[in-house]
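When you read off a place in the sequence shown, starting at 1, and then add 6, the result is the number in the working numbering.
Below: one structure, written as C-alpha cells.
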Amino acid sequence: MNWKQKKKNDALLARERGAVKKVWGTCLTVCLAYPNLYRIGMANLGFQTVYKIINELPSLLCERVFLPVGGGAEYAAGAVELFSLESRKPLRDFDVLAFSVSFENDYPAILKMLDSGGLPLKAKDRADGQPLVIGGGIALTLNPEPLADFFDAFLIGEAEETLPGFARMLVEDLPSGIGREALLASLQKKIPGVYVPSLYEVRYFPDGRIRGMSPHTEDLPEKIRTTPVKNMDAFSTTEVVSTPDSEMADMFLMEVNRGCPHFCRFCAAGHVYAPPRFRSYEKITQAIDHGLKAKNKIGLIGTAVSDHPDLVKICQYIIDRGAQVGIGSLRLDKMDGSIVELLKAGGIETVALAPEAGSQRLRDLLRKGITEEDILQAARCLIDGDIANLRLYFMVGLPTEKDEDIDAVIDLAKTIQHTALARTKGKRKFRRITLSMNPFIPKPHTPLQWCPLADVQDVGRRMKKIAHAFRADKQINVIADVPKWSYVQALLSLGDRRVGEILAVVHRLNGNWVRAFKEVTINPDFYVYRQKDVNEFLPWDIIEVGVPQKALIKEYKKALPD
C-alpha cells in the first residue's frame, strides 16, 4: 500500500465510532467490499448490516474495502494492490471476499477491485486457497446473471435470513481442507438462498433467447427461493459504524420497514421484499434512544416509511427529545397537517414527493394510486406548514409515453408553483421546486420487466423540453440523469450471462463502453430495446422472490392491455 493511501485509511479509521477490530489468526477472515467510494458505502444501511452480522459471529472476522478515491487506471490495471481498511491486508489473504451490491452501475468497479486485489476475474480461474468471492444485495437479488462468471456464489434475498447459516457452514467446512468445488456444491444443496452459477447450465435458442436454465445434477434445487424475514423485531437494522466522512453523516440511520403495500408496477423493492413488514414502535424507539447517543438527527429508512402505522408517534418521540427527523420520500396521499407540523418541528426544510408522471393516464399505468388533487393537496399542506422547498421525482421514457405526457409534467410543476405563490403571497417566502428527472428503467421481478427501454435519444429530447420550459424560472430547478447511462444500467439490469463478456471488455478498456460495444459480437440492443414475451424464460427466472410470476403477468396485462 502506498503511503498516501495508508495515511487516508488511518485518518478514516481515526474518525470512526463503532468499528470492530478482531485479532488475525483466531477467526475465519472475511473482507466485506463495497464497489464504490467509502463515503457512499458507509451511508449504505445494507452494507453496515452485513458488517454487523458477520462480526457478531465469534468465529468470523470482518474487515472492509472500498473503491479508492481516484481508483481508476492504476487500480484497473492492477498496478496498485488493494488492501483492507482495518489491518491493511491484501484481499488475496482473506478466506472470503464478500461484495455488497446495491446498484448495477457499480458492476465495473467489482472487476476493478478483483483485479487490483490480485484475484482472477473469472470464478473458474480461481484455485483452492484463493478467497471465495460471494455477492449479495438488492441488485444481485434482482438479477445476478451478468456477474455470474465472476462470482463463486451469490446470497439471494435478505441477509438476516441467509447469511448466518452460510457463514456457519463456511466456518465448519473451510478449515477442513474441502476443495472449492465440493464446498460450493455443499453450500448450494444445504443453504436456502445460495446460488452457485457454475452449477447451472443456460440453454439458448438460435435467436439468442434463453431456452431454459437447469442444475447440473438432480440433487440441486431447480430454483433459488428466498424466504423473507417474518419478524422485523427479531433483529435491529441501524447504523453500526458512525463516521463524519460518509454521505448523510449528520443522520443516524435506521430501518423502519421493508416492502410496500402499494405495489407500484415499476418498483423492484416493493415486489422483491414482499410482503410489507413494519418494525414495532417499541423497537424503533429503542433504536432511536441508542442513535441519539451518537447524533442529533435520526434518518428513517424504508420502502414505505409513510405507511408505518405509528409514523406520527415516532416523529413526535424524536422531536420531544430535542432531535431532528430525516425522511427520504413521503407518499403524497399520506400528507396531512400533523405530519407536516412534525416535519417542520424536526428541522426538515425540503420534502421529496414522487408523482412519477405528469399525466393521470401514466400514473394509473404505474399503479401509483394518486390523483392530481392528491399531489396539489400535499403541496398545499407543505406550503401552509412553512416547508419552503419541494423536490418532485418524475420518470421519463415510461411505456406508451407521448409528448403530451411531457407537457403534463410541465403543467403540473407550474400548477404547484402557482399554488405555492398564491398561498404565500404577502406572508412568507416560498423558495424553490426541484424537478428530478430520471429515465425509466425496466426492472426484473416487476410487472414492467417485459418492457423495452425507451430510446435514449427520445428520452434526452423530452428531458431537454422540460428543462427548456423552466430555463428562465429561477424558482424551478430541473436536474436530470444522463440518458446514455440509463442504457448501460438497463443492459446490466436486464442482461444474461453473456453480458459478462461485455463487462470484461469494458474492464480491459478501462471503462470505455463505446469501444467495448464495437469490439464484442454481442448486440446490447437485444437486452435493452427488445420487447419481451410474457412466456419466455428471462435471465432472472432462476430466482423466485417476492411476488409470484403469475401475479406479475396479471398486472402487466392490466397496465398494457393488447
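For each residue, glycine too, the CB sits at the ideal point set by N, CA and C.
On a predicted model such as this, the values are computed, not experimentally measured, just so you know.
How about residue i and residue j: do their beta carbons lie closer than 9 Å?
i	j	result
Leu117	Ala39	no
Met443	Ala475	no
Val102	Thr55	no
Leu566	Thr406	yes
Phe72	Leu51	no
Glu261	Pro203	no
Tyr287	Arg264	no
Pro530	Ile508	yes
Arg504	Val402	no
Asn61	Val107	no
Phe172	Leu193	yes
Glu355	Ile393	yes
Ala363	Phe400	yes
Arg386	Ser252	no
Ala545	Ile216	The residue asked about is misnamed: residue 545 is Pro in this sequence, not Ala. Contact flag set, yes.
Gly124	Thr233	no
Val357	Ile333	yes
Ile439	Leu382	no
Lys28	Leu67	yes
Ala384	Leu338	yes
Lys196	Phe258	no
Phe3	Glu69	Absent from the model: residue 3. The displayed extent of the chain is 7 to 568, so no value can be given.
Identify whether residue i lies in helix, strand or coil by the three-state DSSP scheme.
i	result
Phe172	helix
Ser248	strand
Glu261	strand
Ala255	coil
Glu80	At Glu80 the pLDDT is 49, less than 50, meaning the model places this residue with poor confidence; the figure from the coordinates comes in the next sentence. In the structure shown, Glu80 sits in a helix (DSSP, three-state: H, G or I).
Ala384	helix
Leu97	helix
Tyr287	helix
Thr2	The requested residue 2 is not part of the displayed model; the chain covers only 7 to 568.
Phe532	helix
Ile485	strand
Ala280	coil
Ile218	The question names Ile, yet the displayed sequence has Gly at residue 218. Gly218 falls in the strand class under three-state DSSP.
Arg209	strand
Ala274	helix
Glu87	coil
Lys563	helix
Phe72	strand
Trp9	helix
Ile307	strand
Val26	coil
Phe591	Given a span of 7 to 568 for the chain in the structure shown, any question on residue 591 remains unanswerable.
Leu193	helix
Ala1	Summary: the structure shown does not reach residue 1, with the chain confined to residues 7 through 568, and so no result is reported for it.
Ala20	helix
Leu558	helix
Leu515	coil
Leu593	The structure shown does not extend to residue 593, since the chain spans only 7 to 568, so no value can be given for it.
Leu372	helix
Ser204	helix
Ile548	helix
Ser106	strand
Compare the C-alpha of residue i against each of the options and name the closest.
i	options	result
Gly142	Pro281, Glu166 and Lys299	Glu166
Gln322	Gly352, Gly305, Asp342 and Gly332	Gly352
Lys13	Lys27, Ser93 and Arg23	Ser93
Leu497	Leu515, Thr425, Glu178 and Arg536	Arg536
Pro282	Ile59, Gly297, Val311 and Lys303	Val311
Lys95	Pro137, Pro234 and Arg477	Pro137
Pro448	Leu67, Phe156 and Gly501	Gly501
Glu378	Ser365, Ile46, Leu372 and Leu371	Ser365
Glu542	Asp213, Lys28 and Ala17	Asp213
Leu459	Ser492, Ala115 and Gln292	Ser492
Ile548	Leu349, Lys350 and Pro450	Pro450
Asp326	Ile416, Leu306 and Asp295	Asp295
Val494	Val520, Arg514, Leu515 and Leu120	Val520
Gly185	Glu228, Arg132, Leu148 and Ile230	Arg132
Lys229	Asn237, Asp239, Gly218 and Val235	Gly218
Taking residue i and residue j to be in contact with their CB atoms under 8 Å, please state how far apart those CB atoms are, rounded to whole angstroms.
i	j	result
Thr452	His277	5 Å
Ala159	Ile140	5 Å
Leu359	Ser344	No, Leu359 and Ser344 are not in contact; Cβ-Cβ is about 17 Å, not under 8 Å.
Thr244	Gly297	7 Å
Consider the C-beta atom of residue i and the heavy atoms of the ligand ZN; say whether any pair is separated by less than 8 Å.
i	result
Asp547	In the structure on display, the ligand ZN does not appear, and there are no ligands present to speak of.
Would residue i pass as an interface residue toward chain C - the criterion being a Cβ-Cβ separation below 9 Å?
i	result
Ile60	Structure shown: chain C not included; a single protein chain is present.
Item to complete: Could you pull out every unbroken alpha helix (DSSP H) segment of at least 4 residues lying fully inside the region 119 to 187, listed in chain order?
Response: You should have 144 to 148 and 165 to 179.
Worksheet item: Taking the runs of the alpha helix (DSSP H) that are 4 residues or longer, which of them lie wholly in the region 391 to 465?
Response: With a minimum length of 4 residues, the continuous alpha helix (DSSP H) runs that stay inside the region 391 to 465 are 409 to 430.
Item to complete: Note down, one range per segment and in chain order, each alpha helix (DSSP H) of at least 4 residues found wholly within the region 319 to 370.
Response: The region 319 to 370 contains these whole alpha helix (DSSP H) runs: 343 to 351.
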